[in-house]
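Residue numbers (our numbering), protein chains in the order written: chain A, 1 to 374; chain B, 1001 to 1656.
Take a look at the structure set out below.
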Amino acid sequence: MTLTSNRADLPTPGLRSGTESVPTTDQPQTGKDFTSDQEVRWCPGCGDYAVLKAVQSFLPDLGLRRENIVFVSGIGCSSRFPYYLDTYGMHSIHGRAPSIATGIATAREDLSVWVVTGDGDALSIGGNHLIHALRRNVNMTILLFNNRIYGLTKGQYSPTSEAGKVTKSTPMGSVDHPFNPVSLALGAEASFVARTIDSDRKHLTEVLAAAAAHRGTSLVEIYQNCPIFNDGAFDAIKDRDTKADAIIPLVHGEPITFGVPTEDGRATKGVAHDPATGGVRVVEVGDGEGQLSESELLVHDAHNPDPSVAFAISRLTDAGYLHTSPIGIFRQVERATYDDEARAQLATAGASSDADPAERLSALITGADTWTVV
Amino acid sequence: MSENTKQVKQLDRVIIRFAGDSGDGMQLTGDRFTAESASFGNDLVTLPNFPAEIRAPQGTLPGVSSFQVHFADHDILTPGDAPDVLVAMNPAALKANLGDLPKGATIIVDTHDFSARNLTKAGYDANPLDLLETPGSELDGFNVHPVDLTGITVGAVKEFGLSRKDAARAKNMFALGLLSWMYGRPTEGTETFLARKFAKDAAVRDANLTAFRAGWNFGETTETFVVRYEVKPAPMSAGTYRNITGNLALSYGLVAAGVQSGLPLFLGSYPITPASDILHELSKHKGFGVTTFQAEDEIAGVGAAIGASFSGALGVTTTSGPGVALKSEAIGLAVMTELPLLVVDVQRGGPSTGLPTKTEQADLLQAMFGRNGEAPVPIVAPQSPGDCFDAAIEAARIAITYRTPVMLLSDGYLANGSEPWRIPEVADLPVIDPAFATATNHTSTSTAKDGTVTETEEFWPYLRDEETLARPWAVPGTAGLEHRIGGLEKGEGHGNISYDPANHELMVRTRQAKVDRIADSLPPLEVDDPSGRAKVLVLGWGSTYGPIGAGVRRVRRAGYDVAQTHLRHLNPFPKDLGEILARYDKVLVPEMNLGQLSMLLRAKYLVDAVGHHQVNGMPLKAAELAQVIGELVAEAEGIPADQLDLSVATSQEVHQ
Ligand SMILES: Cc1ncc(C[n+]2csc(CCOP(=O)(O)OP(=O)(O)O)c2C)c(N)n1
Ligand code: SF4
Ligand SMILES: [Mg+2]
Chain A
1 MTLTSNRADL
11 PTPGLRSGTE
21 SVPTTDQPQT
31 GKDFTSDQEV
41 RWCPGCGDYA
51 VLKAVQSFLP
61 DLGLRRENIV
71 FVSGIGCSSR
81 FPYYLDTYGM
91 HSIHGRAPSI
101 ATGIATARED
111 LSVWVVTGDG
121 DALSIGGNHL
131 IHALRRNVNM
141 TILLFNNRIY
151 GLTKGQYSPT
161 SEAGKVTKST
171 PMGSVDHPFN
181 PVSLALGAEA
191 SFVARTIDSD
201 RKHLTEVLAA
211 AAAHRGTSLV
221 EIYQNCPIFN
231 DGAFDAIKDR
241 DTKADAIIPL
251 VHGEPITFGV
261 PTEDGRATKG
271 VAHDPATGGV
281 RVVEVGDGEG
291 QLSESELLVH
301 DAHNPDPSVA
311 FAISRLTDAG
321 YLHTSPIGIF
331 RQVERATYDD
341 EARAQLATAG
351 ASSDADPAER
361 LSALITGADT
371 WTVV
Chain B
1001 MSENTKQVKQ
1011 LDRVIIRFAG
1021 DSGDGMQLTG
1031 DRFTAESASF
1041 GNDLVTLPNF
1051 PAEIRAPQGT
1061 LPGVSSFQVH
1071 FADHDILTPG
1081 DAPDVLVAMN
1091 PAALKANLGD
1101 LPKGATIIVD
1111 THDFSARNLT
1121 KAGYDANPLD
1131 LLETPGSELD
1141 GFNVHPVDLT
1151 GITVGAVKEF
1161 GLSRKDAARA
1171 KNMFALGLLS
1181 WMYGRPTEGT
1191 ETFLARKFAK
1201 DAAVRDANLT
1211 AFRAGWNFGE
1221 TTETFVVRYE
1231 VKPAPMSAGT
1241 YRNITGNLAL
1251 SYGLVAAGVQ
1261 SGLPLFLGSY
1271 PITPASDILH
1281 ELSKHKGFGV
1291 TTFQAEDEIA
1301 GVGAAIGASF
1311 SGALGVTTTS
1321 GPGVALKSEA
1331 IGLAVMTELP
1341 LLVVDVQRGG
1351 PSTGLPTKTE
1361 QADLLQAMFG
1371 RNGEAPVPIV
1381 APQSPGDCFD
1391 AAIEAARIAI
1401 TYRTPVMLLS
1411 DGYLANGSEP
1421 WRIPEVADLP
1431 VIDPAFATAT
1441 NHTSTSTAKD
1451 GTVTETEEFW
1461 PYLRDEETLA
1471 RPWAVPGTAG
1481 LEHRIGGLEK
1491 GEGHGNISYD
1501 PANHELMVRT
1511 RQAKVDRIAD
1521 SLPPLEVDDP
1531 SGRAKVLVLG
1541 WGSTYGPIGA
1551 GVRRVRRAGY
1561 DVAQTHLRHL
1571 NPFPKDLGEI
1581 LARYDKVLVP
1591 EMNLGQLSML
1601 LRAKYLVDAV
1611 GHHQVNGMPL
1621 KAAELAQVIG
1631 ELVAEAEGIP
1641 ADQLDLSVAT
1651 SQEVHQ
């Protein structure tokens, strides 16, 4: 099974693109142009490698000038990312990358701003900055590498680890209830929320393209395997034998179906409204008793202005060990961005006026109530 | 009684304190009186003092808000130790402020609220106004004028049809009118101000204007007040002046730093008393390319400012002590990434939430050392409200030239206090060159197996300027200079991550050396030692400049020699400081903390600095300082204690 593309549809025709004000280049670019001279130092088999490769080979598709791209990260294994990309970059401090990126994106319309963060970085120490970036809708793309563990500090449970997780700091199992990053982002009224998988280069690339094209904060949760401290956390959705039942693919405008298909290629499972809870539920698809026909299924609408349905879909993700998870773009709606509006206020106030700044400064500091001593 | 029967008395200076309930508009009243005095040409210094609660319970002692203004016909330095005149709008205001008045002071009391209930709320068993004639009573020895300010105001504005409550609210303008009459203040400014402020509501506007005029007329016609006072304008150097508070001057200084460097200003801030007014003020100046970002917390505020600096703006964050604590880790990042950043700390009483609306200087060591690792940060401190303007530009000069975060340490007293400020010519302001990197700065050669040598032009983000040790500032969008910076230790020159022990040692020492080099750009310290014979040097920093200067003047007036110098740069210290300290037998360091500058001086110069410490949330007082200085002078000069005569210096005479 492959996850089908939303790409043709994004950005919604007529909307401003996320990279619209970033200068482009005619020079052909390759992934190599985006590869820095620094040795990559993740553990062998780490999911971060696949994401790095995917990003390096995707960036040329944007056709932007390399010097106008900025990657900002926090602290964690994943946050080493900027060192390996030959763009401008800042490896900052734990959890704060969204704030730094907010400053960059607001100060400079002509930059394509990316944040790389981990589940601990974004959801523990930086949780506050993440939700506020999403609510403000600053024009940037956040890649949240979710390995459901603290990698860099050697394996403590994280805010996305399943309850009961046994780690170095929780020998009897953790007693914390985890966050679902997508639910959290939707709760913060994020305008673009997607989830993808490190090992699915094609889907990852498509989601990146849609995220970059979106004007506003795009949150992309990437399921990332940490073979050292949380190996196999995503096996159910990666394993050939189980993934058809584990992945609920979200494709805008199409009924949400999954499950091992019938011999004639029809879906066996789907997602439908649940009148009992007001949310959504997984149903069996077919003609049998208790089964629903495909026409009764929920048609995924990423552009629904009301985030409730997207939220309901996000709740189909297992909070415990991951057996089932919707994958794809949950939400993509247009909403004014903080940085555009802030710049518009500057323009309205005459920031770009030709008046002599020295004269204006003089008038400002002089004010209205003065007296002169001769 | 006609006007010409009123007596006019000349005074050289007067200290008035307006005090009332938080809701009585005392800050506005004080502001207006100050503006009138400024436009009249007096020198002046103000001290607003208000509770941390917006509206503490009405009529109670904690709810009292006051505004003290000291104006004179000569150059003055402090808001004055003790008021000559107290305007008390209720029993609590009388009770809370009486202790600060010297005997003989004038008290104008609004009798309207002296009901049994309000007296009890203020903690009075009996009405003190009933005991005016009783020797030994609380108000004995004061010149008390009980006036029903509220009642007369309500009567005067009856025609405008306001509710009784709204009519009564104009009582502060009545009081202002009365005091304006008493001290011959010009009134046009206040009339224009009221017309503008209440333009939207004609009845309220007219009531306030009428109350203001009624107050003036009351002074002129009633027999209660037989004397008017005249305080002539102070001689000041030629120029155009305005009145300015520290927070306003600091805001203007930041806007000016943007203009003078050609950099857009980016403020990332989270509201906190007493710094919020800088955020409010800068948010009005978008026309200067100033972006203000009200962040979700202090960390996000400084983070966004660092991001803005990385992308070529002048990043600024404004806060008070608790906010600096939160920003510490990010300031360390700016130290490591060597990006320009201004951190403005308007200090207030601490620790923790402390005294939010009161002043203190106890963040010096936090500014100096409050980060993990060896993280030197230059520190600049303004010495008066108007000086906040120049100090902000100086802090920006250092930040931009040396690519470093800089702490600008203001405090609550400077923030809200005001003084006449000679408006500078923009052409005289320093020009700051951001000197962005525009080209590669390093050629690396590699030799292939066959011996062919290839040269590559590279950009090395940590290759330093030889003179300043500053690293190049290459802004995103500059082709060919793409680079990565971050909090991990950087290899000298190329700037790649380096865990090499020798490199770390080199980088730690280099970052320190860079900050030390700033001293090369500082002017020599000015030492005020008129006789040249002083054995005692009084050294201060920040807002204590005024009180220390006033204390020093008093001691000199009593006939003793004393020298004074004041530090604007606390890190690095000016190069000649050590030599200056060595010239004096004794060094006195008055501070509004428990000896933080003393500690730095002792550590660096092995000088036996004598501290004088006050941490009561209020500025130092000139008379008290004069006493302390005088005693040290006596000790240094070998004058026996019983021969030390400081009576001129420490008297609390009433100026009328
Ligand atoms: C202020 C601060 N606290 C703690 C740390 C230690 N620390 C570094 S990374 C990390 C957790 C990282 O987890 P995550 O964000 O999930 O990244 P991963 O390593 O899994 O990619 C912690 C606790 C730090 N660097 N800074
Ligand atoms: S610890 Fe885990 S997340 Fe970190 S580099 Fe190794 S494999 Fe990757
Ligand atoms: Mg993690």
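Here a beta-carbon is modelled for each residue, glycine too, at the ideal position from N, C-alpha and C.
Are there any heavy atoms of ligand 2 lying less than 6 Å away from the beta-carbon of residue i, as far as the coordinates show?
i: A:Trp42; result: yes
i: A:Gly74; result: no
i: A:Ile228; result: yes
i: A:Gly151; result: yes
i: A:Cys77; result: yes
i: B:Cys1388; result: no
Using the Cβ count rule (16 or more neighbours within 10 Å means buried), how would you classify residue i?
i: A:Ala276; result: exposed
i: A:Pro178; result: buried
i: B:Arg1196; result: exposed
i: B:Val1069; result: buried
i: A:Ser183; result: buried
i: B:Thr1478; result: buried
i: B:Ser1320; result: buried
i: B:Arg1583; result: exposed
i: B:Lys1586; result: buried
i: B:Lys1575; result: exposed
i: B:Ile1054; result: exposed
i: B:Leu1606; result: exposed
i: A:Gln27; result: exposed
i: B:Phe1697; result: Because chain B in this structure spans residues 1001 to 1656, residue 1697 of chain B falls outside the shown range and cannot be described.
i: B:Gln1643; result: exposed
i: B:Phe1018; result: buried
Confirm the yes/no value for this check: CB of residue i, any heavy atom of ligand 4, distance under 6 Å.
i: B:Ser1022; result: Judged by which ligands are present, ligand 4 is missing from the structure shown, whose ligands are ligand 1, ligand 2 and ligand 3.
What does residue i pair with, by DSSP beta-bridge criteria?
i: B:Lys1490; result: B:Ile1497
i: B:Glu1571; result: The residue you asked about is not Glu; residue 1571 of chain B is Asn in the sequence shown. Note: B:Asn1571 sits in a beta bridge opposite B:Ile1379.
i: B:Lys1009; result: B:Tyr1229
i: B:Phe1174; result: Bridge partners of B:Phe1174: none, in fact.
I want to check one thing, is the minimum distance from the CB of residue i to the heavy atoms of ligand 1 below 6 Å?
i: A:Asp121; result: yes
i: A:Gly118; result: yes
i: B:Asn1042; result: no
i: B:Asn1090; result: no
i: A:His91; result: no
i: A:His94; result: yes
i: A:Asn147; result: yes
Tell me whether residue i, by its Cβ, gets closer than 6 Å to a heavy atom of ligand 3.
i: A:Ser158; result: yes
i: A:Asn180; result: no
i: B:Asn1441; result: no
i: B:Asn1243; result: no
Are at least three pairs of beta-carbons, each pair with one atom in the region 39-55 of chain A and one in the region 123-135 of chain A, less than 8 Å apart?
no
Would you call the region 215-230 of chain A and the region 291-310 of chain A touching, i.e. three or more CB-CB distances under 8 Å?
no
Taking 8 Å as the threshold, find out whether the region 1328-1343 of chain B comes into contact with the region 1364-1378 of chain B through three or more Cβ pairs.
yes
Below 8 Å, how does it come out for the region 1503-1512 of chain B and the region 1533-1552 of chain B: are there three or more Cβ pairs, yes or no?
no
How do the region 1396-1404 of chain B and the region 1437-1447 of chain B stand: do at least 3 beta-carbon pairs fall below 8 Å, yes or no?
Touching, no, given that fewer than three Cβ pairs across the two stretches are closer than 8 Å.
Any chance the region 332-343 of chain A sits against the region 301-308 of chain A, with 3 or more Cβ pairs inside 8 Å?
Touching, yes.
Okay, do the region 1231-1249 of chain B and the region 1415-1427 of chain B touch, 3+ Cβ pairs below 8 Å being the bar?
yes
Is it a yes or a no for the region 1009-1029 of chain B touching the region 1042-1052 of chain B, going by three-plus beta-carbon pairs under 8 Å?
yes
Three or more C-beta pairs closer than 8 Å, one from the region 100-113 of chain A and one from the region 1299-1319 of chain B: is that the case here?
Because the criterion of three Cβ pairs below 8 Å is met, the region 100-113 of chain A and the region 1299-1319 of chain B touch.
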